[in-house]
Structure formats: C-alpha cells, structure tokens
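**Q** These protein sequence lines are chains A and B, in that order. Start counting the first sequence at 1; every next residue gets the next number (the numbering used here). Start counting the second sequence at 365; every next residue gets the next number (the numbering used here). Built from N, CA and C at the ideal position, the CB exists for glycine as well. Quantities reported herein were computed from a predicted structural model and do not represent experimental measurements.
Protein chains: 2
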Amino acid sequence: MIYPRRMLILAEGKFSPLRSKTANGAVAFMPERVVGVVDSTCSGTTAGAVLGYGGAIPVVASILDGLRLQPDSLLIGIAPPGGRLPNEWRGFVREALSGGLHVISGLHTLLADDAEFAGMAADHGVEIWDLRRVPEENRRVSRGNWRTRKSRTILTVGTDCKIGKMTTILRVFEEFRHRGLRSDFIGTGQTGILIRGRGVSVDAVVGDYIAGSVEHEIDRSEAEGYEYVFVEGQGALTHQGYSSVTLGLMHGTMPDAMILVHQPTRLEDDYGFPLPDLRRLIAQHEEMVNFFRPTKVVAIGLNSVGLTDEQSREAAQHIEETTGLPAVDAFRFGAARLADAVFGFLKEAPPCKYVGQFRYPGMS
Amino acid sequence: MIYPRRMLILAEGKFSPLRSKTANGAVAFMPERVVGVVDSTCSGTTAGAVLGYGGAIPVVASILDGLRLQPDSLLIGIAPPGGRLPNEWRGFVREALSGGLHVISGLHTLLADDAEFAGMAADHGVEIWDLRRVPEENRRVSRGNWRTRKSRTILTVGTDCKIGKMTTILRVFEEFRHRGLRSDFIGTGQTGILIRGRGVSVDAVVGDYIAGSVEHEIDRSEAEGYEYVFVEGQGALTHQGYSSVTLGLMHGTMPDAMILVHQPTRLEDDYGFPLPDLRRLIAQHEEMVNFFRPTKVVAIGLNSVGLTDEQSREAAQHIEETTGLPAVDAFRFGAARLADAVFGFLKEAPPCKYVGQFRYPGMS
Numbered sequence: 001m002i003y004p005r006r007m008l009i010l011a012e013g014k015f016s017p018l019r020s021k022t023a024n025g026a027v028a029f030m031p032e033r034v035v036g037v038v039d040s041t042c043s044g045t046t047a048g049a050v051l052g053y054g055g056a057i058p059v060v061a062s063i064l065d066g067l068r069l070q071p072d073s074l075l076i077g078i079a080p081p082g083g084r085l086p087n088e089w090r091g092f093v094r095e096a097l098s099g100g101l102h103v104i105s106g107l108h109t110l111l112a113d114d115a116e117f118a119g120m121a122a123d124h125g126v127e128i129w130d131l132r133r134v135p136e137e138n139r140r141v142s143r144g145n146w147r148t149r150k151s152r153t154i155l156t157v158g159t160d161c162k163i164g165k166m167t168t169i170l171r172v173f174e175e176f177r178h179r180g181l182r183s184d185f186i187g188t189g190q191t192g193i194l195i196r197g198r199g200v201s202v203d204a205v206v207g208d209y210i211a212g213s214v215e216h217e218i219d220r221s222e223a224e225g226y227e228y229v230f231v232e233g234q235g236a237l238t239h240q241g242y243s244s245v246t247l248g249l250m251h252g253t254m255p256d257a258m259i260l261v262h263q264p265t266r267l268e269d270d271y272g273f274p275l276p277d278l279r280r281l282i283a284q285h286e287e288m289v290n291f292f293r294p295t296k297v298v299a300i301g302l303n304s305v306g307l308t309d310e311q312s313r314e315a316a317q318h319i320e321e322t323t324g325l326p327a328v329d330a331f332r333f334g335a336a337r338l339a340d341a342v343f344g345f346l347k348e349a350p351p352c353k354y355v356g357q358f359r360y361p362g363m364s
Numbered sequence: 365m366i367y368p369r370r371m372l373i374l375a376e377g378k379f380s381p382l383r384s385k386t387a388n389g390a391v392a393f394m395p396e397r398v399v400g401v402v403d404s405t406c407s408g409t410t411a412g413a414v415l416g417y418g419g420a421i422p423v424v425a426s427i428l429d430g431l432r433l434q435p436d437s438l439l440i441g442i443a444p445p446g447g448r449l450p451n452e453w454r455g456f457v458r459e460a461l462s463g464g465l466h467v468i469s470g471l472h473t474l475l476a477d478d479a480e481f482a483g484m485a486a487d488h489g490v491e492i493w494d495l496r497r498v499p500e501e502n503r504r505v506s507r508g509n510w511r512t513r514k515s516r517t518i519l520t521v522g523t524d525c526k527i528g529k530m531t532t533i534l535r536v537f538e539e540f541r542h543r544g545l546r547s548d549f550i551g552t553g554q555t556g557i558l559i560r561g562r563g564v565s566v567d568a569v570v571g572d573y574i575a576g577s578v579e580h581e582i583d584r585s586e587a588e589g590y591e592y593v594f595v596e597g598q599g600a601l602t603h604q605g606y607s608s609v610t611l612g613l614m615h616g617t618m619p620d621a622m623i624l625v626h627q628p629t630r631l632e633d634d635y636g637f638p639l640p641d642l643r644r645l646i647a648q649h650e651e652m653v654n655f656f657r658p659t660k661v662v663a664i665g666l667n668s669v670g671l672t673d674e675q676s677r678e679a680a681q682h683i684e685e686t687t688g689l690p691a692v693d694a695f696r697f698g699a700a701r702l703a704d705a706v707f708g709f710l711k712e713a714p715p716c717k718y719v720g721q722f723r724y725p726g727m728s
C-alpha cells in the first residue's frame, strides 16, 4: 500500500467549494500533503482563493504542468457525470502513470482492473490505489468480536447524512493522540480512507457484510495494540436511503460510546423530512446497541456552517440544555470538550465483559 | 423472463432436509411445478421419503434421466462448497442447456455471464435466469415513494434470521388472494423470487441501494394496480450480522403493518445471544418506522417446528397474553387469524397522507 506524501489533485473543470468533494477533503485535512490542483479553468489561482481554505496550494492547467511540482501521486478529486470514466479522463490517468505518479481514485470504476492502466503502472513501477475497492478479507459476516475486545470503540452518528461525522471524529481522534492516548482512526468513506491510508468503503459493501467489514478493521487496530478506536460514521439511522449502512456500522462497531453530529441550521434532510427530535434520536441509537451491550451517546458534535461564532455558541448552549450533553463545533472551537466527555465516560464505564457463549454464523 | 412450470431440480449428493435449501423451498412451496429431483446418491426414492414433504416427486440419477420427465427448466437447488461453480457442475449445466431446458440458478456466480453457457443458451433458444442478479433499475437510492403510495404494504420481521418470515408472509398473502383482495408478493431472497417469478435478492445489493431496490419492486406492484403488497423480510433488526439488510427493507417498504415472526423453542441466535424480549422488540420495530409514519406490529407469526399441535397452541396463547397480539403458526394452522389482524388494522388505519415537501437525494 502506498502512503502518498506529495499529491497532485485532478479537479479539471470542477474545482469549487461544492463540486469537487474528494479534492476538497484532501485540501482541508491534508494540506501539507497536497502540492497542487489541476483545473485548466482556474489555473494560476490558489486553493485558498477558490475554496476559502488550503492557502497557497497552486492551481495548474495540466498534469504536465503539475509534474514540475514534484508530486508522488495523482489523486482523482472529482467524480465524472454518470459514474463511468470519460475518455478524456483516460488521458489524465495515462499522463500521470507515464509521469511516474501513483494514481489514487475513489471512482466506482476500479482503475486497477483496467488492463491498459494496470500494464502502464507495472511498466512505470507505480501503483493504482482504488479507495472504493473492498478487500476480500472485509467481505465477511460479523462475528460479534466486540464480545472479546479490549480496545474501546467510539463511533459518530448523525441527524442526517453529509453533516460532519468524519470531521468531528477526526478532531476528537487527533485530540486523543495529542493527549498521548494510543488511538486509531478507521476510515469508512473515500476521504477517511485516504487520510488514514487504509479502511473500508462501506458504501461498496453488500448488506450482509457491512457490519463484518468494519469489524474486521477494528480487529486489526486492536491487534496492533490501539486502546481507542475511532470509527467514521456514515449516513443516519433516520435517513430512509442510507439507514442500512448506518445500522451495519453500529452493529459492526458495537461502540462503547457514540457522538451525535448535528447541524442546527439544517431543518430538513435530503427528502424534505424534518430532522428528528434530538432526545428521541439519542434514545433510539442507544437502544439499537443496548439490545447487546451498554453504550451511550456522550456528546453532540456541531456543524455550525453559516453561523457566527456567537451564534454557534448559542446553538450549542441550547442543545446542551435540551439534551444534558456537552455540545460544541469541534472544527471551529477544538475538540477538547468532546474528548473530555468521551474519556470521562469510558473511564467510568468499564469495558464490556461478555460471559455468554461465543458463536457466530457459519461457525461449526 | 421465463415462468418455469415443470422444473427439474439439481441436488446432486445433497438432497436432504438440511443440505439442499433452495431445492427444498421449491418442493415445499411449488410441488405442482416440480417434476423431479436429480441426486444419484438417493435415486429411486421420492421427495416425500427424503424430506417428509413433496409426496411422490421422483428422485432420479442424472439430468439425462430427468429429461424423460419432460421438464422445461433445471433449477440448481444446492450451493457448492466455497460459492464457486465446480467443474463437475459445469457438466450438469451443459447437459440441461443441450437438452433444451432453461437454467435457473441462485448461485453467487452468475451463470448468464459465462460465455460458454450464454452461447449454448442462445443456440438452444433457452434462457438462464440468475435469481441473484440485481437488475440495473433496482440499483438506486430510495426516493421515499411511500409518501405518495396508494397500495398498502405489509412486511415480515423476525426475532432472528432463518425463522420463517417468507413462509409466514406467503401464507397471509395467499389468504388475502383467497379472499379476493388484489394482493402481490415481493420476493427478496432466492426462493421468494423463484415463487413470484421476479423480485430482488437484497443480499446482493450494496448498502446504499437496499431500501431503494425494494422500493422499486413496490412501485412496480403499485403501478400494476395491486392494493396489498406483501414484502418478504430478511435477517433481523437485532441480528448483529444482517441487521443492515433488515433496516433497509423496513425503510424501503415503510410498511403500513408488520408481522413479527418468532420460534418459541429458539432461545439463542446465530451468535449464542438470547433472543430479545418480544415487547421490547415490537416497540423498537415500530419506532424505527414511526420516525416517518404510523405503523404497528399487528400479529405474531409462529414457527413451531418440533412442537406438537398442542404445544404450539400453548406457546401461541402465552405470546398472545404477553404481547396482546394474535399469534399463530400459519404454516400449520392456516393464516386466517393473521390475515384478519392485518386486514382489520388496515381498515381502521387510513393510508398515510403525506403533506410535506417531496424531494429525494440527487433530485434537482
């Protein structure tokens, strides 16, 4: 597996706050690992000028121009219309491989399965990393391994999808590391996987294996000696399209603690449905795990995009009064309070001790 | 799409109560459409002698012997070890296609994608029907179409997987048809799909599309004018491996009513976990849908395998007292009471009237 340190990001024709999601995630979370962005429609500017973050990272007109920035890899940072790889993009991939760059892709079409690209990568001694490829060992039914786990698991859940579950858990994870606690992060979407260098793209996993695929990642972190494992949440238990993925993550993680992420200014979800009452939603998340083991939602992570600092603090205070839980926008104000809440709860709540039988489906 | 009326079932080396699940499902639910079973290790006997049901359906030694029974199709009724198609089995498929039979398969390996088989099918004017193939139009995020639906939907849920959700809903569905109510059945697993002649194998669908894939089937039934749509449940909300599939089905169906299926003699699930308290589980199922719309668990379907009739009735009575809901083993005693409960509830509860906005993810 490659670990890219100098990424050139392909965002041709789409580099903007809303149309280049993967590119923007890399710029936001790994600016020190991005050497430039390719978009001929806004070359000569900077990421900071286009996105409002990313500082002086230059935007260049072509892959060939980008090669002067001495990248080690090309990250495909946009999604093509329709999901298939347009012919024009094949040219970009060829140029990158010929230029000796690894290619990192979050596209549905797996580039490493393309005979031409695979041959070129071999010829140039580089790798193709498809972030959406689900490794064979992740394709398995959950074994319920939380029952013998020593590490503690923390999962973000949300009142909607695309609300800040990755951002929040990354901030708390970083705060734990900063405090010297042996902590790992498990990416479950493209950007999270790119940041960690491994993980599982749960939206590419069939239903029966969703829980098992994330359990496998936690097993690995545990085997490596991590004491705290932070799992990136996906979807929402009350998102009528993606709820299956959320519940699979919840049961594959069987978290010791959860953080609920909410955006106070968002009143409706993707379907025009009013976001559910926070207390009702918290109870529901706890109950879905409490059938198996004790757990709690211990804090609320806020996404206060569009609010002033003052408004964000007011919204947090209101939510604290309603739920009795600490609430803060960790991206804006730091994750110390959320980390305190998680750490304090885990200290009081001993690790789950499972004393029943241990079987799993297919076990003989 | 073919509609097989005279199936020969391949169960070579495995025809038995526990090792030939798909074969047994066909024999149990469609005996009038099965002309014979192929298993050289027990040829000369009958399905009834081997399984305890299926009566005089003969067991023959080979596909060639089976052709004398004038089948129109070969159903592959067993799963190979490891999931891949063994070489020996390729011979069976070739013999069937050469003999002018359609081939129906629930294997993970899609036979129609095999160039040799596809060529032979074309040459002989027959079709290959892979029950596990997910049609392209089912690969979509749920649109929340229940909000404008006129037909009523009924879903089975369960206290565990492999507990009788298909059997129960089929019996209630048949009872509704018997009463002259315009009713459809949606198969969500291999046997259910085979019985109905269409459906979606939800265990082959990636997480984001589970709800959408079943919603698409309901949309089709509604467009055809069915008033009552019975959806085959899968997994269990409290099955830590398969819960994601269950919740996807619940949110894709957004049922008007649910029937909970339970086996009184089963004390633990696949994981050695005690089955949850019925009342707690009923509340949980209702809440997961009540976030969106009113619904209720209206009856308990029992699987009383291993109990005498008297014991089954006693178990039903105990469950009725505990839950306040009618409970009966519909496979053994008929589905009249369950059908009464569903029909009575739907008559009192008007169809959901949604008056909010109508959007869905990706809608512009």
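(1) Tell me the rounded alpha-carbon separation between V38 of chain A and S73 of chain A.
(2) Terminal residues of the continuous alpha helix (DSSP H) containing K529 of chain B?
(3) Between the Cα of Y242 of chain A and the Cα atoms of B:I421, B:P725, B:S407, which residue gives the shortest distance?
(4) Rounded to the nearest angstrom, how far is the Cβ of I559 of chain B from that of G571 of chain B, given a contact under 8 Å?
(5) Any C-beta of chain A within less than 7 Å: which residues of the segment 566-588 of chain B qualify?
(6) Taking Cβ-Cβ distances shorter than 9 Å, what residues in chain B pair up with D184 of chain A?
(7) Run through DSSP, which three-state label would P395 of chain B get?
(8) Just mark L428 of chain B as buried or exposed, buried being the case when its beta carbon has 16 or more other beta carbons within 10 Å.
(9) Taking only runs of the alpha helix (DSSP H) that begin and end inside the segment 384-450 of chain B, which ones reach a length of at least 4 residues, in chain order?
(10) Can you list, in chain order, the residues of its chain with a C-beta nearer than 7 Å to that of A621 of chain B? Leave out the 5 residues immediately preceding and following it.
(11) In chain B, which residues lie less than 7 Å from E287 of chain A when you measure between Cβ atoms?
(12) Does DSSP put K660 of chain B in a helix, a strand or coil?
(13) Is F456 of chain B helix, strand or coil when you go by DSSP?
(14) Taking the beta carbon of P638 of chain B as the centre, do at least 16 other beta carbons fall within 10 Å, making it buried, or is it exposed?
(15) Looking only at C-alpha atoms, which of A:R337, A:F117, A:N87 sits nearest to L101 of chain A?
(16) With a floor of 4 residues, list each alpha helix (DSSP H) that falls wholly inside the segment 618-674 of chain B, ordered by position along the chain.
(17) Would you mind reading off the limits of the beta strand (DSSP E) that contains S105 of chain A?
(18) Note down, in chain order, all residues in the segment 597-631 of chain B with a beta-carbon under 9 Å from any beta-carbon belonging to chain A.
(19) Along the chain, where does the alpha helix (DSSP H) that runs through T517 of chain B open and close?
(20) Of the choices A:E287, A:Y271, A:T265, A:G197, whose alpha-carbon is the least far from that of P255 of chain A?
(21) May I ask you to report which of helix, strand or coil DSSP gives G248 of chain A?
(22) How many Å lie between R68 of chain A and I57 of chain A at the Cα?
(23) Mark V34 of chain A as exposed unless 16 or more other C-beta atoms lie within 10 angstroms of its C-beta, in which case mark it buried.
(24) Can you list, in chain order, the residues of its chain whose CB lies under 6 Å from that of R337 of chain A, leaving out five sequence neighbours each side?
(25) Use the C-beta contact count for G91 of chain A: other C-beta atoms within 10 angstroms, 16 or more gives buried, fewer gives exposed.
(26) Give the straight-line distance between the Cα atoms of V521 of chain B and H649 of chain B, rounded to the nearest whole angstrom.
(27) With DSSP as the reference, label A327 of chain A as helix, strand or coil.
(28) Q554 of chain B: buried (16+ other C-beta within 10 angstroms of its C-beta) or exposed?
(29) Buried or exposed: where does T532 of chain B fall if 16 or more other Cβ atoms within 10 Å of its Cβ makes it buried?
(30) So, at 8 Å on beta carbons, what are the nonlocal neighbours of F695 of chain B in its own chain, with the 5 sequence-adjacent residues on each side left out?
(31) Run the CB neighbour count on Y209 of chain A, radius 10 Å, all protein chains shown included, and call it buried at 16 or more, exposed below.
(32) Return the residue from the list B:I646, B:Y592, B:L461 that minimises the CA-CA distance to A600 of chain B.
(33) Helix, strand or coil: how does DSSP classify V566 of chain B here?
**A** Based on what the coordinates show:
(1) Within the first sequence, the letter at position 38 stands for residue 38 of chain A. Within the first sequence, the letter at position 73 stands for residue 73 of chain A. Rounded to whole angstroms, V38 of chain A and S73 of chain A show a C-alpha spacing of 13 Å.
(2) Residue mapping note: residue 529 of chain B aligns to position 165 of the second sequence, counting from 1. Run containing K529 of chain B: 529-542, per the alpha helix (DSSP H) assignment.
(3) Locating residue 242 of chain A in the first sequence gives position 242, where the first residue counts as 1. Among B:I421, B:P725, B:S407, the Cα nearest to that of Y242 of chain A belongs to B:P725.
(4) In the second sequence, the residue the question calls residue 559 of chain B occupies position 195. In the second sequence, the residue the question calls residue 571 of chain B occupies position 207. Wrong, their Cβ atoms sit about 26 Å apart, outside the cutoff.
(5) Across the segment 566-588 of chain B, CB contacts with chain A closer than 7 Å involve V566, D567, A568, V569, V570, G571, D572, I574, A575, G576, in sequence order along the chain.
(6) The sequence position of residue 184 of chain A within the first sequence is 184, counting from 1. Going along chain B, no residue has its Cβ under 9 Å from D184 of chain A, so there is no contact; the nearest lies around 22 Å.
(7) Stepping through the second sequence from its first residue, residue 395 of chain B is reached at position 31. Three-state result, P395 of chain B: helix.
(8) Position 64 of the second sequence, counted from the start, is the residue given in the question as residue 428 of chain B. L428 of chain B is exposed by the Cβ-count criterion.
(9) 385-393, 411-415, 427-431
(10) Mapped onto the second sequence, residue 621 of chain B falls at position 257. Excluding residues within five positions, the ones whose Cβ falls inside 7 Å are I518, T659, K660, V662, V706, F709, L710.
(11) As a working mapping, residue 287 of chain A is identified with position 287 in the first sequence. For E287 of chain A, the neighbours in chain B by C-beta distance under 7 Å run, in chain order, Q648.
(12) The residue you call residue 660 of chain B lines up with position 296 of the second sequence. Note: K660 of chain B maps to strand in three-state DSSP.
(13) On the second sequence, residue 456 of chain B is found 92 positions in, with the first residue counted as 1. Reduced to three states, the DSSP call for F456 of chain B is helix.
(14) Taking the first residue of the second sequence as position 1, residue 638 of chain B is located at position 274. Within 10 angstroms of the beta-carbon of P638 of chain B lie fewer than 16 other beta-carbons, which makes it exposed.
(15) Translated into the one-based positions of the first sequence, residue 101 of chain A becomes position 101. A check of alpha carbon separations from L101 of chain A across A:R337, A:F117, A:N87 identifies A:F117 as the nearest.
(16) Whole alpha helix (DSSP H) segments, 4+ residues: 642-654.
(17) Here residue 105 of chain A refers to the residue found at position 105 of the first sequence. Element bounds for S105 of chain A: 102-105.
(18) Look at the segment 597-631 of chain B: the residues with a C-beta under 9 Å from a C-beta of chain A are Q598, G599, L601, T602, H603, Q604, G605, Y606, S607, S608, V609, T610, L611, G612, L613, M614, H615, G616, M618.
(19) Taking the second sequence and counting its residues from 1, the one referred to as residue 517 of chain B is at position 153. No alpha helix (DSSP H) contains T517 of chain B, which is instead part of the beta strand (DSSP E) from 516-522.
(20) Along the first sequence, one-based indexing puts residue 255 of chain A at 255. With distances taken between Cα atoms, P255 of chain A lies closest to A:E287.
(21) Counting from one through the first sequence, the residue named residue 248 of chain A turns up at place 248. The answer is helix: DSSP assigns G248 of chain A an H, G or I state.
(22) By 1-based counting over the first sequence, the position of residue 68 of chain A is 68. By 1-based counting over the first sequence, the position of residue 57 of chain A is 57. If you take the alpha carbons of R68 of chain A and I57 of chain A, they lie about 14 Å apart.
(23) For the purposes of this step, residue 34 of chain A is identified with residue 34 of the first sequence, where counting begins at 1. Answer is buried; the Cβ neighbour count reaches 16.
(24) If you number the first sequence from 1, residue 337 of chain A lands on position 337. Around R337 of chain A: P326, V328.
(25) Reading the first sequence from its first residue, position 91 is the one you call residue 91 of chain A. Exposed, by the Cβ-count rule.
(26) Locating residue 521 of chain B in the second sequence gives position 157, counting from the first residue. Locating residue 649 of chain B in the second sequence gives position 285, counting from the first residue. Each residue's alpha carbon lies about 8 Å from the other.
(27) Taking the first sequence and counting its residues from 1, the one referred to as residue 327 of chain A is at position 327. Of the three classes helix, strand and coil, the one that applies to A327 of chain A here is strand, per DSSP.
(28) Sequence index remark: in the second sequence, residue 554 of chain B carries index 190 (1-based). Buried.
(29) To locate residue 532 of chain B, count along the second sequence from 1; it is residue 168. Classification of T532 of chain B: buried, given that the 10 Å Cβ count is 16 or more.
(30) Reading the second sequence from its first residue, position 331 is the one you call residue 695 of chain B. G528, T531, T532, R535, N667, listed in sequence order.
(31) Residue numbering aside, residue 209 of chain A sits at position 209 when the first sequence is read from its first letter. Burial call: buried.
(32) Start at 1 with the first residue of the second sequence, and residue 600 of chain B comes out as number 236. Minimum Cα-Cα distance from A600 of chain B among the listed residues B:I646, B:Y592, B:L461 corresponds to B:I646.
(33) Translated into positions along the second sequence, residue 566 of chain B becomes position 202. Reduced to three states, the DSSP call for V566 of chain B is helix.
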